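S.K.:
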Amino acid sequence: MQGWVTLALLLSLGVKRSLTQNGLGEPPVPRGLTSNPDLPAQTLSLRWQSDSSLFDLEIFHTELMNVVLNETVAVKADPVTGLHSWTWHSPLPLECTSLSVHIRARNQLSVSQWSPLQTIPGSDIPVKSESYMFPQDKMVPVGSNMSFCCIVKEKEDFKEIMYGRQEMNATRLSRRTYAITVTNQPASGNTGTNVICFSQRLTLTGAVVFVGYPPGDEGLVCETRDLASAECSWKKGRDTRLRMKRSRTKYTLNGRDCLEANEKKTWWCSSKVWEENWTLVARNPLGTVQLTDSAQLTDRVHLLAPANVTVVEVKAWSATLQWSWSVAAYKKLEMVCQLRLFTHELSSTRNYGGPGLSSVVLEGLWPDSDYTVTLRCGSKHSFWKWGDESGPYRIHTKMDRPDALDVWMWMDSSNTGCVFWKPLSVRKSHGALDGYEVSQSSAEEDGWTTVSLPPGNFSYPIILNNSSDITVAVAARNPAGLSQPSTVTTPAYRADSQLSVSELLGTNGSFVLSWEPNVNASSGYVVEWFPTGCSGLCPVDWKKLPESDSSFTVNSDSLVAGVRYTVSVYSLSTGAPLLLQRWQGYSQEMIPSQSVSELSPNQTGSDVLLSWRATDMKQQRGFIRGYTIYLANAAHLDLIANITDPEVQSYRVKGLSLSSYKFVVKAYTSAGEDAGATVAIKMEMDTDMLFVGILVPLGIMFCCLILISICCYKKREWVKKAFYPEIPGPKVPGDWSSPQGPLDVKPSPHSLVHIVESPEWDFTKEGLFPVPEEEEESENDNIEVDTDSDEPALLRYYNQVVGDGSHSNQVSDSSGSSTASVGSTQTEITYAGIQSPTSSQGVCGGGSYRPQMQSVAGPKIEFEADFQDDGLNTGYKPQGSWQLDSPEAENLSGSLGSPTSVTSSQFLIPECSEEKPQPPNTWFHNLLSGKS
Amino acid sequence: MEGAADSDTPVTERSAADRAAALARLLHRDCTRLLELYKERESFLSQHAPGGERLVTLALCPEALSTGEQVGHVRSALRRCMGLLECLIVREVEEMGEELEGEYESLRKTVRDRLGHLLHSTGALLEEGEGGCPPSPPLQCTEGQDEVEASGSFAAKIWTYRVLLELIHWTDSASQTLHLFHSEKHGQQQQLL
Chain A
2 MQGWVTLALL LSLGVKRSLT QNGLGEPPVP RGLTSNPDLP AQTLSLRWQS DSSLFDLEIF
62 HTELMNVVLN ETVAVKADPV TGLHSWTWHS PLPLECTSLS VHIRARNQLS VSQWSPLQTI
122 PGSDIPVKSE SYMFPQDKMV PVGSNMSFCC IVKEKEDFKE IMYGRQEMNA TRLSRRTYAI
182 TVTNQPASGN TGTNVICFSQ RLTLTGAVVF VGYPPGDEGL VCETRDLASA ECSWKKGRDT
242 RLRMKRSRTK YTLNGRDCLE ANEKKTWWCS SKVWEENWTL VARNPLGTVQ LTDSAQLTDR
302 VHLLAPANVT VVEVKAWSAT LQWSWSVAAY KKLEMVCQLR LFTHELSSTR NYGGPGLSSV
362 VLEGLWPDSD YTVTLRCGSK HSFWKWGDES GPYRIHTKMD RPDALDVWMW MDSSNTGCVF
422 WKPLSVRKSH GALDGYEVSQ SSAEEDGWTT VSLPPGNFSY PIILNNSSDI TVAVAARNPA
482 GLSQPSTVTT PAYRADSQLS VSELLGTNGS FVLSWEPNVN ASSGYVVEWF PTGCSGLCPV
542 DWKKLPESDS SFTVNSDSLV AGVRYTVSVY SLSTGAPLLL QRWQGYSQEM IPSQSVSELS
602 PNQTGSDVLL SWRATDMKQQ RGFIRGYTIY LANAAHLDLI ANITDPEVQS YRVKGLSLSS
662 YKFVVKAYTS AGEDAGATVA IKMEMDTDML FVGILVPLGI MFCCLILISI CCYKKREWVK
722 KAFYPEIPGP KVPGDWSSPQ GPLDVKPSPH SLVHIVESPE WDFTKEGLFP VPEEEEESEN
782 DNIEVDTDSD EPALLRYYNQ VVGDGSHSNQ VSDSSGSSTA SVGSTQTEIT YAGIQSPTSS
842 QGVCGGGSYR PQMQSVAGPK IEFEADFQDD GLNTGYKPQG SWQLDSPEAE NLSGSLGSPT
902 SVTSSQFLIP ECSEEKPQPP NTWFHNLLSG KS
Chain B
300 MEGAADSDTP VTERSAADRA AALARLLHRD CTRLLELYKE RESFLSQHAP GGERLVTLAL
360 CPEALSTGEQ VGHVRSALRR CMGLLECLIV REVEEMGEEL EGEYESLRKT VRDRLGHLLH
420 STGALLEEGE GGCPPSPPLQ CTEGQDEVEA SGSFAAKIWT YRVLLELIHW TDSASQTLHL
480 FHSEKHGQQQ QLL
């Protein structure tokens, strides 16, 4: 029993499972799976039969069984065929390696069994033993991603894959297949981007990929040139970077191939008939662009260029231009034509209108002028654009008579002048001039006298033989004829000195003039200007103004800076021009180009008078406003004076000392100073003043001496009492035969006593040295003589240690007594500075003073004896103590009270004169006594 | 006839052979430069080692014995090269159009013209008494393309590279052979004098 139950359960389970597999519970396995690879498109189309509509798909790389796709898709069966189809786009070329596909049906509860594997063989199967790379010659847009695979040759190893110059990371797909993926590809070069597969030793294989852009054309415009056909053009857009012929952009216009664009690489297409709507399709392997345009034919008329442009009639002032049209339909078209005239550097345009316009008359041309004409036309109604322009056509107009000349007459004296006329411009000459005809007539002569001048002349001299005015007519002549004559009557000559010439200041290089209107100026005014002081062929310029004008500006173009101009205004009437006003001025003042001339100094005592002459007017280059005088020092100029009156041309520099001076004089205008003229002077002593300076004080001193002498003479008694009192006679105890007289002490001419200070000595002591007179001056530097002391030297006492050898040498030439005194080293002596007489004085000298009555016999011997005696044994005797009892004292008493020299410290009254005792009645004594 | 030409012909032959040799040398330099330019354009070729058989083989003519026969041999190879070059130009113009006018394109045209002159001058040498190989049949451009293993732009580039190598090889051979030819002629002339 139990065995049957078990069997029944097993059977029931088996039935249930069988029912499920048969579609009751589990969907049936899809049948008839087929695959259809599209290698260029890298797609795999699968088809199968099944009752289900939901399927699981799995795709493997066959060799390594790597799952490439595992996806559940809902696919309905085709109602006609009953087949399910699904397409898979492979990221890799299908040739890279073999693929295996299987499919199973799915419902909500369960899935069927997998269908048998369907394998798509790749190129890496053993029967294909060579190397391959996929894909080949692919065209992709810039920025796209792309995979390449390399199938390595049998028995060859793999090294790397290069994308251009870039080494890529490769992934192995099968035994022989390696793949790379390139992202964001840049645009290729002209021949594409190379993708190369390398083995360790050689290049295995490769591929080329073309990376570019889809077409970028834009702006389709269609128009007609012949009023029937159409020409459509557009702008080429971005470069597609696809150079290969098969990848170039192809164009179609309204469905027709555009041969002009596809073969000639232009960007226009033509159509034989006008269609109001136009569609241009631009296509390359990477994309398509569609451009459209829509217009009526009459709105898009673009005329061709006029043909056969020519001039049928040329005149001096006009020309007739004619042309033809190559399209017959133009003849009825209402058109507008634009004519462009070029002459020299100028151009002008003129528009003309009319149906089928084919000729125009050009007015307003200039005679004897070259013109170049171009012409273009357009449709007058619904103007679209100007048509093509004709080629340039050259026109030369005929000549005509010249215009009248601008004539003026300039008088440079009362009977000479010159007729000037301005050259005619090309516009006014109307042809090359052959010359001028100048005719003149005077009131006293009938008829005209005519002179022909060549074309280079622009003036003609006029001479007035008498006081009557002359009228001159000037006309220009060219091949077409003679111009209207221009007449002018000689204006009255007025020198500047006869007028009040105003000073004219330039304004920005110009002269701005204004004058009072003149009622007689029926024919206007003439403003005339020329360089002041000009003679001969002067550059006279003028401007004729209407009578309504009373001001004028002489432009800087006709003026030269730094040149003085004379500007005159004349009124014009039927007769001679009448001078109204005259100025002189500079359009622009400059500093003088030349310094003052003839600069000279003239010394007067301590003063210097500088004088100079102003520079010539041509060199002034401005109105001289004054002069500046400088004293030139080593490196700079010191301004002495600024003379603001230009008429003053001298200056006195006062109070100069005796030295050398250099003066600089500069003239200045409103523009500044010139370089300056320099003059130098050396101040010298005035000899007259020198004489005066010497003689006057001498005279005064002489007069004073005379007055003092007179005064002293008148008051001699008083003077005698005051300065020369009576000296009592000495009391002589003995018998003195010789008459008594005052002690006459005569200073030694060769020995003076000098008081010196020696640093070697004791400063508390001073020595007394006899000094030779002739050495006094030379020794003044070293020996200071106390000549300024008020204390009489006679009364001075000096203590001195005597014995210095050097001092002995110094006084070696002195008298023997002095030498003996100085040379004494044995006795310290105090004595009065009484000079000892020298040996040359003969009897007047000696070792000591002697009484005057002493015998004069044998003075030399006596002197030597005394000298030896005194020098060797006794030396000097003290003289400072006066002992009237002693003979010596008595001898000296004669000198006491005698006047002494304040400088020599000697008695002024000599001890003796010659060899005889001097009587007391000397000249001074006589003077004081009133004796003659 | 040879005796009649003794006085004038040797000088002409010598100078013609000399000029042909100089032209071959110049052409060899041109071809070398052309390959350099092509390598600048296709940079991968600098690492490429050419493989496979020669595009131009010597099977067209049995091994030459004399220098004159060698000249004929080389001339046959140059004719084959000329055919390949013309195919190359056609193919490149077909692919790229004629708007590219760089140095490569200019020199490519120069090589073609000078190769034509060299063929003409060597043909003139052979016509004056020297034997040569029978003329090769004209080359069909499709034939050249068939010789590469694969189709496509990459294969065409490899093929172009091989054609340029053949040009360099055979212009070098022509230069040497013509120089030898000229030397021999010159030696014969010296012996005659």
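The listed protein sequences correspond, in order, to chains A and B. If you're matching positions, the first sequence starts at 2 in our numbering and goes up one per residue. If you're matching positions, the second sequence starts at 300 in our numbering and goes up one per residue. We put the CB at the ideal spot given by N, CA and C, even for glycine. On a predicted model such as this, the values are computed, not experimentally measured, just so you know.
(1) Please list the residues of the region 178–198 of chain A that have a C-beta atom closer than 7 Å to any C-beta atom in chain B, keeping them in chain order.
(2) At a CB-CB cut-off below 7 Å, which residues of chain A make contact with B/HIS419?
(3) Short of 7 Å in beta carbon distance, which residues of its chain neighbour A/ASN67, apart from the five on each side in sequence? Order them along the chain.
(4) Candidates A/ALA171, A/VAL527, A/ARG626: which alpha carbon is nearest A/PRO518's?
(5) Determine the closest residue to B/GLY401 out of B/PHE480, B/LEU336, B/SER314, B/LEU325, with distance taken between C-alpha atoms.
(6) Taking the continuous alpha helix (DSSP H) assigned at A/CYS712, which residues delimit it?
(7) What residue ranges within the region 588–674 of chain A form continuous alpha helix (DSSP H) runs of no fewer than 4 residues, ordered along the chain?
(8) Kindly indicate if chain A contains any beta-carbon less than 8 Å away from that of B/ARG461.
(9) Can you tell me whether A/LYS77 is buried or exposed, with buried defined as 16 or more other CB within 10 angstroms of its CB?
(10) Compare the beta carbon distance of A/MET140 and A/PRO286 with 8 Å and say whether it is the shorter of the two.
(11) Quick check: the region 615–626 of chain A against the region 583–595 of chain A, are at least 3 beta-carbon pairs closer than 8 Å?
(12) Compare the C-beta of B/LEU399 with all C-beta atoms of chain A and state if any pair is closer than 8 Å.
(13) Determine the burial state of A/GLN137: buried for a count of at least 16 other Cβ atoms within 10 Å of its Cβ, exposed for fewer.
(14) Measuring only the C-alpha atoms, how far is A/SER116 from A/VAL30?
(15) Who are the Cβ neighbours of A/SER460 in its own chain at under 6 Å, not counting the five residues just before and after it?
(16) Nearest by alpha-carbon distance to A/PRO480: which of A/PHE531, A/LYS399, A/ILE464 is it?
(17) Can you name, in chain order, every residue of its own chain whose Cβ lies under 7 Å from the Cβ of B/SER474, other than the five neighbours on each side?
(18) Would you say A/GLY656 and A/LYS667 are within 8 Å of each other, going by their C-beta atoms?
(19) Going by C-alpha to C-alpha distance, which of A/GLY288, A/LEU34, A/LEU342 sits closest to A/GLU59?
(20) Secondary structure at B/PHE453, three-state DSSP: helix, strand or coil?
(21) Does DSSP put B/TRP378 in a helix, a strand or coil?
(22) Give the interface partners of A/ASP138 over in chain B, defined as CB-CB distance under 7 Å, in chain order.
(23) Anyone know if the C-beta pair for A/ASN1 and A/VAL597 falls short of 8 Å?
(24) Since B/ARG407 meets chain A, which of its residues come closer than 7 Å, beta carbon to beta carbon?
(25) Exposed or buried, what is A/GLU155 when buried is set at 16 or more other beta-carbons lying within 10 Å of its beta-carbon?
(26) Are the C-beta of B/ARG340 and some C-beta of chain A separated by less than 8 Å?
(27) Going by C-alpha distance, which of A/LEU611, A/SER189, A/ARG32, A/LEU696 is nearest A/GLN986?
(28) Give the interface partners of B/GLU393 over in chain A, defined as CB-CB distance under 7 Å, in chain order.
(29) Just checking, does the region 479–492 of chain B make contact with the region 232–247 of chain A on the three C-beta pairs under 8 Å criterion?
(30) List the residues that DSSP assigns as beta-bridge partners of A/THR321.
(31) In the structure shown, what three-state DSSP assignment does A/GLN43 receive?
(32) Is the shortest distance between the beta-carbon of A/MET169 and the beta-carbons of chain B less than 8 Å?
(33) What is the rounded straight-line gap between the Cα of A/PRO698 and the Cα of A/THR688?
(34) Closer than 8 Å by beta-carbon distance: list the chain B residues that pair up with A/LEU203, in chain order.
(35) Check whether the Cβ atoms of A/TRP318 and A/LEU376 sit closer than 8 Å, and answer yes or no.
(36) Whole angstroms is fine: what's the gap from B/LEU354's alpha carbon to A/LEU305's?
M.R.: Well, looking at it:
(1) ASN191, THR192, GLY193, ASN195, ILE197
(2) Chain-order list of chain A residues neighbouring B/HIS419: empty, with the shortest C-beta distance near 32 Å, by a criterion of under 7 Å.
(3) PHE61
(4) A/VAL527
(5) B/LEU336
(6) For A/CYS712, the enclosing alpha helix (DSSP H) starts and ends at 688–715.
(7) 618–621
(8) B/ARG461 is outside the set of residues whose beta carbon lies under 8 Å from a beta carbon in chain A.
(9) So A/LYS77 ends up on the exposed side.
(10) yes
(11) At 8 Å Cβ cutoff, the stretches touch.
(12) yes
(13) When all chains shown are included, A/GLN137 counts as buried.
(14) 6 Å
(15) CYS419, PHE421
(16) A/LYS399
(17) Correct list, in chain order: ALA320, ALA323, ARG324, HIS327.
(18) In this structure, A/LYS667 does not lie closer than 8 Å to A/GLY656 by Cβ.
(19) A/LEU34
(20) Correct three-state label for B/PHE453: helix.
(21) Going by the sequence as given, residue 378 of chain B is Arg instead of Trp. Reduced to three states, the DSSP call for B/ARG378 is helix.
(22) GLY451, SER452
(23) Chain A is shown only over 2 to 933; residue 1 of chain A falls outside these bounds and no answer can be derived.
(24) Result: empty, since nearest Cβ-Cβ is about 14 Å, beyond 7 Å.
(25) exposed
(26) yes
(27) The structure shown does not extend to residue 986 of chain A, since chain A is modelled only from 2 through 933, so no value can be given for it.
(28) LYS246
(29) No, the region 479–492 of chain B is not in contact with the region 232–247 of chain A.
(30) A/GLU314, A/VAL362
(31) coil
(32) no
(33) Taking the straight line joining both Cα atoms gives about 16 Å.
(34) HIS347, ALA348, GLY350
(35) No, the pair does not count as a contact, with Cβ atoms beyond the cut-off.
(36) If I take the Cα positions, the gap works out to 57 Å.
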